[in-house]
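Colleague: The opening residue of the sequence shown carries number 1 in the UniProt record's numbering; numbering runs sequentially from there. C-beta atoms are modelled at their ideal positions from N, C-alpha and C, and glycine is treated no differently.
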Amino acid sequence: MSKFIKIGKSDVESTIMGLGANKVGGHNIFSGLDDKDGYEVVRAALDDGIRMIDTAFAYGNGRSEEIIGEVLKDYDRHEITIATKAAQDANNGYSPNNDPAFLTKQIDAALKRLQTDYIDIFYIHFPDEVTNKRDAVEALVKAREAGKIRAIGVSNFSLDQIKEANVDNQIDVVEDNYSLVYRNPEENLLPYLHENNISFVPYFPLASGLLTGKYERSDYMKFPRFTEKQFGDIIESIKKVRGFAEEKGVTVAQLILAWYLKNPEIAVVIPGARKADQIKSNAEALQIELSDTMYKQIDQLFKF
Numbered sequence: 001m002s003k004f005i006k007i008g009k010s011d012v013e014s015t016i017m018g019l020g021a022n023k024v025g026g027h028n029i030f031s032g033l034d035d036k037d038g039y040e041v042v043r044a045a046l047d048d049g050i051r052m053i054d055t056a057f058a059y060g061n062g063r064s065e066e067i068i069g070e071v072l073k074d075y076d077r078h079e080i081t082i083a084t085k086a087a088q089d090a091n092n093g094y095s096p097n098n099d100p101a102f103l104t105k106q107i108d109a110a111l112k113r114l115q116t117d118y119i120d121i122f123y124i125h126f127p128d129e130v131t132n133k134r135d136a137v138e139a140l141v142k143a144r145e146a147g148k149i150r151a152i153g154v155s156n157f158s159l160d161q162i163k164e165a166n167v168d169n170q171i172d173v174v175e176d177n178y179s180l181v182y183r184n185p186e187e188n189l190l191p192y193l194h195e196n197n198i199s200f201v202p203y204f205p206l207a208s209g210l211l212t213g214k215y216e217r218s219d220y221m222k223f224p225r226f227t228e229k230q231f232g233d234i235i236e237s238i239k240k241v242r243g244f245a246e247e248k249g250v251t252v253a254q255l256i257l258a259w260y261l262k263n264p265e266i267a268v269v270i271p272g273a274r275k276a277d278q279i280k281s282n283a284e285a286l287q288i289e290l291s292d293t294m295y296k297q298i299d300q301l302f303k304f
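(1) In three-state DSSP terms, what is L290?
(2) For R183 and T131, what's the separation of their Cα atoms in angstroms?
(3) For R274, which residues of its own chain have a beta-carbon under 6 Å away from its beta-carbon, when the five flanking residues on both sides are left out?
(4) Less than 8 Å between the CB atoms is what I'm expecting for K148 and L111, so what's the real figure, rounded?
(5) Looking at the strands, I want to know which residues DSSP matches up with D176.
(6) As an exercise, report each continuous alpha helix (DSSP H) stretch of at least 4 residues that is fully enclosed by the stretch 33 to 60, in chain order.
(7) What are the start and end residues of each continuous alpha helix (DSSP H) run of 4 or more residues lying completely inside the stretch 84 to 140, in chain order?
(8) Could you check what DSSP says for R225 in three-state terms: helix, strand or coil?
(9) Could you tell me if S64 is buried or exposed, where buried requires 16 or more neighbouring beta carbons within 10 angstroms of its beta carbon?
(10) Which term fits Q254, buried or exposed, when burial requires 16 or more other beta carbons within 10 angstroms of its beta carbon?
(11) Given that a residue counts as buried once 16 or more other Cβ atoms are within 10 Å of its Cβ, and exposed if not, what is H125?
(12) For Y215, which three-state DSSP category applies?
(13) Quick one: what's Y182 bridged to in DSSP?
(14) For A151, list the residues DSSP reports as bridge partners.
(15) For D37, which option in D89, I68, M52 has the closest C-alpha, if you only look at C-alpha atoms?
(16) So T55 and A21 are in contact, right, with Cβ under 8 Å, and what is the actual spacing, rounded?
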């Protein structure tokens, strides 16, 4: 894997595919996780040329960062882009806290767990309801000036909150929910990011497994945010994608990932993985040559 992309206005570069590490140590999110698998997943990603690892304090309340920090000791840290996130206040029921002093402490704590002296991208993970977002970002600006972080991000912020946070044009990257079946960001968010040289990293690119092609119409109750008709339309579109995938000799998930990789509004795609063998499968999407015609066909299939 050799294609890199620059993150926002920073000097941080990342491979265009990363690893979403919520299944690495994220015992509070997923049941049945094994830390041994987490270590193997991170190693497999780095060994397969993936140079972006996206984690957060919220993934196991720091456990994900600890596992990644242990693995990093066996690799050249300067060749790896580490993104982490924080906002959850353990002293207040893990509610979001954007207070500048709190965020500064979280950066220092993440540095210790990751066993590194700098974080490439630090995101404010969730907005709180009281802190001025410009003030919150100023704490990250100071951390960047101190060499603790290299790029500034926000995650799960509304567009108005992003604008407030970016008053001084300091935001480099936004991470938010986006997929072929959740396209709300296309209307207002992505145009703003494009205009302001802010990179976009979508999470849930495979829509919690829905876009892997493993579900049928009868599974609609597992995805309650869709009506039965909406879910049926999605399944029909996935069946058509499966036809394209079979023509190319790839999986549905790989073809969907290739669509994101070709999307000019997306900087880095960060599918997660519970097992190491999923890493290799995801990385194979990088080898798919997706024509402009097929890109547009897939795009239109999911415009309902």
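Modeller: Taking the structure as given:
(1) In the three-state reduction of the DSSP assignment, L290 falls in the coil class, being assigned neither a helical nor a strand state.
(2) 28 Å
(3) Around R274, the same chain offers K23 as residues with beta carbons nearer than 6 Å, after the five sequence neighbours per side are excluded.
(4) About 6 Å; that satisfies the 8 Å criterion.
(5) P202
(6) Qualifying alpha helix (DSSP H) stretches, in chain order: 35 to 47.
(7) 100 to 114
(8) Coil at R225, not helix or strand.
(9) A buried status is given to S64, since no fewer than 16 other beta-carbon atoms sit within 10 Å of its beta-carbon.
(10) buried
(11) buried
(12) coil
(13) DSSP output for Y182 lists S179 as bridge partner(s).
(14) DSSP, once it has assigned bridges, lists I121 as partnering A151.
(15) I68
(16) 4 Å
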